[in-house]
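Input: a single structure, listed below in structure tokens.
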Amino acid sequence: MKHVFSVLSVACVAFFTLFLSTTNVSCKKGDTGPKGDTGVANAIYSPWIDVQFTDGALVRPGDTVAVATIPAPQITKDVLDKGLVKVYANFGTAADPNIVAIPYLEPTGYFWVNANFEVGNINLSSSWDADFSAPYRYIIITGTVPTNGRQNVNWNDYNEVKKLYNIKD
């Protein structure tokens with residue numbers, strides 16, 4: 015019985031010592047650092063750009079394709095090789111937007127807009143008349159950005175992309 019009390023005593027002293035050493039020597043919270051800049055490190059986006067199309071190639075008698083170029087100096091070979099460029103058009107107004115992703119095909123199949131990319135430019139082609147214009151915006155997602163679980167983004171949903179990358183209108 016004496017042996018049980020001495021083992022218990024040693025165990026209690028060891029536990030108490032361990033308890034005191036972990037509670038008395040604890041980490042202290044450091045000073046709060048300065049607030050970082052807000053913004054998007056993963057995306058580069060343009061303002062809304064009014065794009066005017068001109069008559070392009072004749073695809074069949076009486077039918078031409080309208081074309082336009084948006085200068086985009088942020089589109090580099092590295093972006094084309096490793097990144098993502100998305101283009102959106104606002105077919106509504108600033109007060110009542112109707113933002114669609116390009117390429118776009120109207121539900122009737124009559125109207126379409128397509129985008130091709132090259133270093134420094136976005137080349138648009140459209141089945142609408144050259145006198146049609148709308149504001150366009152491009153968003154560049156760099157290829158060096160880890161997905162961080164973002165692989166399920168619907169890139170055709172402008173509002174989802176805007177929210178994800180904290181893009182301001």
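Be aware that the sequence shown starts at 15, since it is given in this note's numbering, and climbs by one per residue.
Where is the CB? At the ideal position from N, CA and C, for every residue including glycine.
In this text, all values refer to a predicted model and were calculated from it rather than measured experimentally.
Alanine 103 and tyrosine 179 have their C-alpha atoms roughly 18 Å apart. Remark: fewer than three beta-carbon pairs, one from each stretch, lie closer than 8 Å, so the stretch 59-73 and the stretch 116-126 are not flagged as touching. Within the same chain, and ignoring the five residues on either side of threonine 68 in sequence, the residues whose Cβ sits closer than 8 Å to its Cβ are Ala80, Val81, Ala82 and Ala144. Contact between isoleucine 136 and valine 101 holds: their C-beta atoms lie close to 6 Å from each other, under 8 Å. Residue state for glutamate 174 is assigned as helix, using DSSP reduced to three classes. Valine 133 counts as exposed, since fewer than 16 other beta carbons sit within 10 angstroms of its beta carbon. Of the candidates Thr107, Tyr124, Ser139 and Thr122, the residue whose Cα lies closest to the Cα of asparagine 130 is Ser139. Annotated three-state conformation of lysine 100 is strand, per DSSP.
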